[in-house]
């Protein structure tokens, strides 16, 4: 499919365009708003080799509404947006080839970097690291056996009150045995008594 501009008035922004493929030619007219880089086109004439397609296209009124952007290399322009009509949706057209200014300077490639490409170069590894960490966390949760924590027990002493026993805080134990703080990665419960 080929999109070619047949006329363009830079002061008013009026554009006439021909959209062709192997068996059909659509003539479109519209307005280009340079402040917004927006191009709106409305179909006004159809030429086709088959009458069945011609009848279907002439019955429908549709327009192309989208934005024109230049790629950083300066040789490519992209027109993308929506075809507003029944049974149509998004589209994207790209201009390929050299423009006149680049054909003269083809030996000197452009030396700038686009700010969005710099942001992507920073953010992609950052998010990859986050997702890898989350995946590792899920893997460890799946592979570690879930053991019951037996470090706390509640029982009733001789005066009818509940007592809390934790071997970590046993005051009758000697100071060298068992008072070191240990971290148990399988600890999922917290024992509290009020």
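Residue numbers (our numbering): 10 to 203.
Think of the CB as a built atom: it goes at the ideal place given N, C-alpha and C, for glycine as much as any other residue.
Model, not experiment: these values are computed from the prediction.
- Counting along the chain, residue 32 sits inside no beta strand (DSSP E), nor does DSSP assign it H or E at all.
- When DSSP reads this structure, residue 39 sits in a beta bridge with 24 and 50.
- Straight-line measurement puts the Cα of residue 88 at about 11 Å from the Cα of residue 80.
- Under the three-state reduction of DSSP output, residue 126 falls in the helix class.
- Annotation: the continuous beta strand (DSSP E) that includes residue 13 extends over 11–17.
- One thing to note: residue 30 has its Cβ no nearer than 7 Å to the Cβ of residue 38.
- Rounded to whole angstroms, residue 35 and residue 21 show a C-alpha spacing of 23 Å.
- Burial check for residue 147: the Cβ neighbour count within 10 Å stays below 16, so the residue is exposed.
- C-alpha of residue 15 to C-alpha of residue 51: approximately 14 Å in a straight line.
- Within the DSSP secondary-structure output, residue 56 pairs in a beta bridge with 34.
- Around residue 13, the same chain offers 27 as residues with beta carbons nearer than 6 Å, after the five sequence neighbours per side are excluded.
- The alpha-carbon of residue 58 is positioned some 49 Å away from that of residue 133.
- Secondary structure at residue 44: coil, using DSSP grouped into helix, strand and coil.
- A straight line joining the alpha-carbon of residue 82 with that of residue 140 spans about 33 Å.
- By the neighbour-count criterion, in which 16 or more other beta carbons inside 10 Å mark a residue as buried, residue 138 falls on the exposed side.
- With respect to residue 46, residue 77 sits close: the two C-beta atoms are nearer than 7 Å.
- In the structure shown, the three-state DSSP call for residue 81 is coil.
- Cβ atoms of residue 40 and residue 49 come within 8 Å of each other, at about 6 Å.
- Around the Cβ of residue 144, a 10 Å sphere holds fewer than 16 other Cβ atoms; the residue is exposed.
- Listed in chain order, the non-local C-beta contacts of residue 42 below 7 Å within the same chain comprise 22, local neighbours out to five positions each way being set aside.
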